[in-house]
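Q: Numbering (the numbering used here), first residue to last: 1 to 524.
The beta carbon of each residue, even a glycine, is placed where N, CA and C say it ideally should be.
Quick caveat: nothing in here was measured; it's all calculated off a predicted structure.
#1: Assuming residue 524 and residue 480 make a contact with CB atoms under 8 Å, what is their CB distance in whole Å?
#2: Measuring only the C-alpha atoms, how far is residue 520 from residue 463?
#3: For residue 522, I'd like the list of residues in its chain whose CB is within less than 6 Å of its CB, leaving aside the five on either flank, ordered along the chain.
#4: Is it true that the CB of residue 487 sits closer than 7 Å to the CB of residue 417?
#5: According to DSSP, is residue 222 part of a helix, a strand, or is it coil?
#6: Would you kindly report the start and end of the unbroken alpha helix (DSSP H) that includes residue 449?
#7: Does the beta-carbon distance from residue 348 to residue 473 come in below 7 Å?
#8: Hey, residue 452 and residue 331: beta-carbon distance below 7 Å or not?
#9: Please determine, among 209, 483, 512 and 268, the residue with the shortest C-alpha to C-alpha distance to residue 254.
#10: At the level of alpha carbons, what is the spacing between residue 261 and residue 436?
#11: Find out if the Cβ-Cβ distance for the pair residue 199, residue 376 is shorter than 7 Å.
#12: For a quick check, are the C-beta atoms of residue 219 and residue 251 less than 7 Å apart?
#13: Give me the Cα-Cα distance between residue 292 and residue 320, rounded to the nearest whole angstrom.
#14: Take the Cβ of residue 194 as the centre, count every other Cβ of all protein chains shown within 10 Å, and call the residue buried at 16 or more, exposed below.
#15: Round the Cβ separation of residue 269 and residue 421 to the nearest angstrom and send it over; I've been treating them as touching at under 8 Å.
#16: Does the stretch 378 to 385 touch the stretch 500 to 508, meaning 3 or more C-beta pairs lie closer than 8 Å?
#17: Using three-state DSSP, classify residue 246 as helix, strand or coil.
#18: Cutting at 7 Å between CB atoms, please list the residues of its own chain near residue 397, excluding the five before and the five after it.
#19: Leaving out the 5 sequence neighbours to the left and right, which residues in its chain are closer than 8 Å to residue 395 when beta-carbon positions are compared?
#20: Report the rounded CA-to-CA distance for residue 294 versus residue 308, giving the unit in angstroms.
#21: Is residue 425 closer than 7 Å to residue 409 when the C-beta atoms are compared?
#22: For residue 441, which option in 357, 387 and 467 has the closest C-alpha, if you only look at C-alpha atoms?
#23: Let's test the definition: count the other Cβ atoms within 10 Å of the Cβ of residue 430 and tell me whether it reaches 16, buried, or not, exposed.
#24: Have a look at residue 515 and residue 333 and give me their C-alpha separation to the nearest angstrom.
#25: What is the rounded straight-line gap between the Cα of residue 283 and the Cα of residue 228?
#26: Is residue 267 buried or exposed, if buried means 16 or more other CB atoms sit within 10 Å of its CB?
#27: When we look at the beta-carbon of residue 257 and count the other beta-carbons within 10 Å, is it buried (16 or more) or exposed?
#28: Any idea which residues DSSP pairs residue 520 with across the strands?
#29: Can you give me the Cβ contacts of residue 301 inside the same chain, cut-off strictly under 8 Å, excluding the 5 residues immediately before and after it?
#30: Return the residue from the list 407, 412 and 353 that minimises the CA-CA distance to residue 372.
#31: Rounded to a whole number of angstroms, what is the C-alpha to C-alpha distance between residue 454 and residue 318?
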């Protein structure tokens, strides 16, 4: 077998299998007569190639003798290393010897088995073949067992789902094996809008196979983004949940749980259009085309259409509804549609609070080229609605002049902290009276925005959170803005809305707000 791997392929006109990948002078020697045996590539590890036999004989086999390369296959396994093929003659194993054989192989090859397992899983699921490598007790086998003994010892078992689950739970829940549930994020391009405008799942067959593979690998569940721009895409109050009904059904039938993220943002700037970025609802986009101030703006007037500015939270600009009412109606529709899943299949609901679903301002817009790491970013409060709110706050403070504009000495997106007066020590810095006022207002409005949305979400989920049978966790995300953390001012955090400096804990108010709603914190 060639070093780059070989593929068993059937020569239909002759009823035999040849191995592609071997050198020409080796091919005739390694061809085997494999009538009535279907060969499927399983996995590769350190030059070892294994094929699974799907034969009519469903006995349990074990290897008893290595034959020469010219030998015949019989009901079982072919192992090859590099360019050499060795066939294994097999014979039935009695059930009373089964447990002993398994433990013997497991004890010898435990480390190697763990290394090979993930690759094996991915190849098995398309045929619906079960897999179990860790056997703590006898299993009721409903199929075939295949053993190879070339480079390492490995055991692959086809058994019932109940037996697999029993084996897995026995292994993972024993003392000393504390199980941490693993959730896998659904790829951003797994679903989207097709050319006709209808939501759909892309590559549904591949997705179904992948879900089965993840379940067999011990993954607990899938994290899925539920997009406002897909569900309420064309008209207000018209919710199309068909895509997520199909997706959630697939995930549930695969035996997996769900983490759901209600996404009120767009990913058009962070995902290429080729991969199917999701915009805000089209009727929101139409309103934004006429009024750019429904989005956050920077000091130069550039808007960011990834998320609605919190300045419109309580303004009825969206077909008679405020932004908060739009979010509330969407959450209510979701909970009403998937009530039977919540607390059983859906274990966690994350509510989007800003760009990328995170509670922050879009101070570092990496998708459109304005910002590059590790720039400090810019304050995002220059839409007319936030400026109006700033003016009111300044008047209440007795300093109306502070409400005319944001800091004018805070640099630009790609500035570094040194040389930017607002982020250094001085009379006009973040330490000044004006600096403290502005940052309190800027961060405070962000926390108030999250508080309003989570209040509505927590009220809707209250009956599930209080239930002992169907508990669901409410989650909020914040961004991991880590650069310039070792400076005095933490400028990247300040522009993002986190009033966290070397002299002030800016995350405690966020944590306190989440605690009031019984919500967990996710740092992304």
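A: This is what the structure gives:
#1: For the purposes of this step, residue 524 is taken as residue 524 along the chain shown, with counting starting at 1. For the purposes of this step, residue 480 is taken as residue 480 along the chain shown, with counting starting at 1. Sure, about 6 Å apart at Cβ, within 8 Å.
#2: What you label residue 520 is simply residue 520 of the chain shown in a count that begins at 1. What you label residue 463 is simply residue 463 of the chain shown in a count that begins at 1. Taking the straight line joining both Cα atoms gives about 17 Å.
#3: On the chain shown, residue 522 is found 522 positions in, with the first residue counted as 1. Spatial neighbours of residue 522 in its own chain (CB-CB distance under 6 Å, excluding positions within 5 residues in sequence) are listed in chain order as 475 and 477.
#4: As a first step, residue 417 must be located in the chain shown, where it is residue number 417. As a first step, residue 487 must be located in the chain shown, where it is residue number 487. Yes. Within cutoff.
#5: As a first step, residue 222 must be located in the chain shown, where it is residue number 222. Secondary structure of residue 222 (DSSP, three-state): strand.
#6: Reading the chain shown from its first residue, position 449 is the one you call residue 449. Unbroken alpha helix (DSSP H) run through residue 449: 433 to 466.
#7: Counted from its first residue, the chain shown places residue 348 at position 348. Counted from its first residue, the chain shown places residue 473 at position 473. Yes, the pair counts as a contact, with Cβ atoms nearer than the cut-off.
#8: Within the chain shown, residue 452 is the residue found at index 452, counting from 1. Within the chain shown, residue 331 is the residue found at index 331, counting from 1. In terms of Cβ geometry, residue 452 and residue 331 do not form a close pair [threshold 7 Å].
#9: To locate residue 254, count along the chain shown from 1; it is residue 254. Ranking the options by Cα distance to residue 254, first place goes to 209.
#10: Position 261 of the chain shown holds residue 261. Position 436 of the chain shown holds residue 436. Going from the Cα of residue 261 to the Cα of residue 436 covers about 34 Å.
#11: On the chain shown, residue 199 is found 199 positions in, with the first residue counted as 1. On the chain shown, residue 376 is found 376 positions in, with the first residue counted as 1. No, these two residues do not count as a Cβ contact at 7 Å.
#12: Within the chain shown, numbered from 1, the residue matching residue 219 stands at position 219. Within the chain shown, numbered from 1, the residue matching residue 251 stands at position 251. No, the pair does not count as a contact, with Cβ atoms beyond the cut-off.
#13: The residue labelled residue 292 in the question sits at position 292 within the chain shown. The residue labelled residue 320 in the question sits at position 320 within the chain shown. Their backbone Cα atoms lie some 18 Å apart in a straight line.
#14: Taking the chain shown and counting its residues from 1, one reaches residue 194 at position 194. That one is exposed.
#15: Along the chain shown, read from residue 1 onward, the residue named residue 269 stands at position 269. Along the chain shown, read from residue 1 onward, the residue named residue 421 stands at position 421. No, residue 269 and residue 421 are not in contact; Cβ-Cβ is about 30 Å, not under 8 Å.
#16: Touching, no.
#17: By one-based count along the chain shown, residue 246 stands at place 246. In the structure shown, residue 246 sits in a helix (DSSP, three-state: H, G or I).
#18: Counted from its first residue, the chain shown places residue 397 at position 397. Excluding residues within five positions, the ones whose Cβ falls inside 7 Å are 437.
#19: Locating residue 395 in the chain shown gives position 395, where the first residue counts as 1. Spatial neighbours of residue 395 in its own chain (CB-CB distance under 8 Å, excluding positions within 5 residues in sequence) are listed in chain order as 403.
#20: As a working note, residue 294 is residue 294 in the chain shown. As a working note, residue 308 is residue 308 in the chain shown. Cα to Cα, residue 294 sits roughly 6 Å from residue 308.
#21: Along the chain shown, read from residue 1 onward, the residue named residue 409 stands at position 409. Along the chain shown, read from residue 1 onward, the residue named residue 425 stands at position 425. For residue 409 and residue 425, no; Cβs fall outside 7 Å.
#22: As a working note, residue 441 is residue 441 in the chain shown. Ranked by Cα distance from residue 441, the first of 357, 387 and 467 is 387.
#23: Position 430 of the chain shown holds residue 430. Result: buried.
#24: In the chain shown, counting from the first residue as 1, residue 515 sits at position 515. In the chain shown, counting from the first residue as 1, residue 333 sits at position 333. Roughly 25 Å between the two C-alpha positions.
#25: One-based indexing of the chain shown puts residue 283 at position 283. One-based indexing of the chain shown puts residue 228 at position 228. Cα to Cα, residue 283 sits roughly 11 Å from residue 228.
#26: For the purposes of this step, residue 267 is identified with residue 267 of the chain shown, where counting begins at 1. With a threshold of 16 other beta carbon atoms within 10 Å, residue 267 meets it and is buried.
#27: Indexing the chain shown from 1 puts residue 257 at position 257. By the neighbour-count rule (16 or more Cβ atoms within 10 Å), residue 257 is buried.
#28: One-based indexing of the chain shown puts residue 520 at position 520. Under DSSP, the beta-bridge partners assigned to residue 520 are 475.
#29: To locate residue 301, count along the chain shown from 1; it is residue 301. 382.
#30: Within the chain shown, numbered from 1, the residue matching residue 372 stands at position 372. Taking only the C-alpha atoms, the option nearest residue 372 is 412.
#31: Mapped onto the chain shown, residue 454 falls at position 454. Mapped onto the chain shown, residue 318 falls at position 318. Rounded to the nearest angstrom, the two C-alpha atoms are 20 Å apart.
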